[in-house]
């Protein structure tokens, strides 16, 4: 037995079977409809589902175009089965291709020399057989070296150095220069030069004038005390001629002590000519006229 209004299960000798529930109970199936009415309802439901799917597709396309979304596009998949609704799925669109300018900028530059034939010498240099290239310019600030100039085997190494001479040879050469340029060397010049080192230095030097050479010679013979005054050549020559003997050197130097240095050449030329004449007046008048006029104008 069971509750009122529900079916009952009865046991028999052949087995058990369920009795149908009374009509109007909650578990009772609906009464079967007529066969023609059920078929028309199924066709009508399928048509409505199709129309609904088409409408959804149109609405989705319209919304996508109005928003301009480049990412997701709704795709409509019609449902299967009897009267099932359409299923909408979103499929991710493929990413757009990269910009051509970006691709070109990111690619490494292509060497224009690639694919061109390489000179065999350059190829050997690249692999290290020929060493560094000789066509490259030197570094900035580094000057190329030049070979040092060579001298001829027979060229004299000491051609700029004057030859070494003896004291007499040097004095002979110096006295000859003084005679040729200034004309104020006595016959005893070489002998006096060999005996006097100060006079040797005078005849070996190059002076700008004969007066400078005479100052050096007078001070080399008489000492540094001469030519310290303002006297004239005529005064010094008169002193020598009147007070000194021909070979009295000290007396002659004393007469030149107060003479001005500007007259050194005139007195030296007069003394040299007078010594050569042994202080003879006739010899002086005949052979030393030019020296006398230079030392004593108007005499």
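In my numbering, the protein residues as written are 97 to 395.
All C-beta atoms in this analysis are idealised placements derived from N, C-alpha and C, irrespective of residue type, glycine included.
Can you name the start and end residues of the alpha helix (DSSP H) that residue 276 belongs to?
-> 263 to 277
Per DSSP, which residues does residue 313 bridge with? Please list them.
-> Beta-bridge pairing links residue 313 to no other residue.
Which of helix, strand or coil DSSP assigns to residue 325 | coil
Report the residue from 353, 340 and 329 whose alpha carbon sits nearest the alpha carbon of residue 317.
-> 353
CA-to-CA distance, residue 361 to residue 265, given in whole angstroms = Whole-angstrom Cα-Cα distance: 24 Å.
Which word fits residue 315, buried or exposed, when buried means at least 16 other C-beta atoms lie within 10 angstroms of its C-beta?
-> With at least 16 other beta carbons inside 10 angstroms of its own, residue 315 counts as buried.
At least 3 beta-carbon pairs within less than 8 Å: the region 296 to 309 vs the region 334 to 349 = no
CA-to-CA distance, residue 365 to residue 381, given in whole angstroms | 14 Å
Pairing CB atoms from the region 288 to 298 with CB atoms from the region 260 to 274, are three or more of them under 8 Å?
-> yes
Quick one: what's got a C-beta closer than 7 Å to residue 374's C-beta in the same chain, skipping five residues either side?
-> 342
Name the residue from 379, 363, 154 and 285 whose alpha carbon lies nearest to the alpha carbon of residue 327.
-> 363
Could you work out which residue in 384, 260 and 359 is closest to residue 313 when comparing CA atoms only?
-> 359
I think residue 384 touches residue 370, with their Cβ atoms under 8 Å apart; what is that distance to the nearest whole Å?
-> 7 Å
In whole angstroms, what is the alpha-carbon distance linking residue 282 and residue 346?
-> Cα-Cα distance, rounded: 17 Å.
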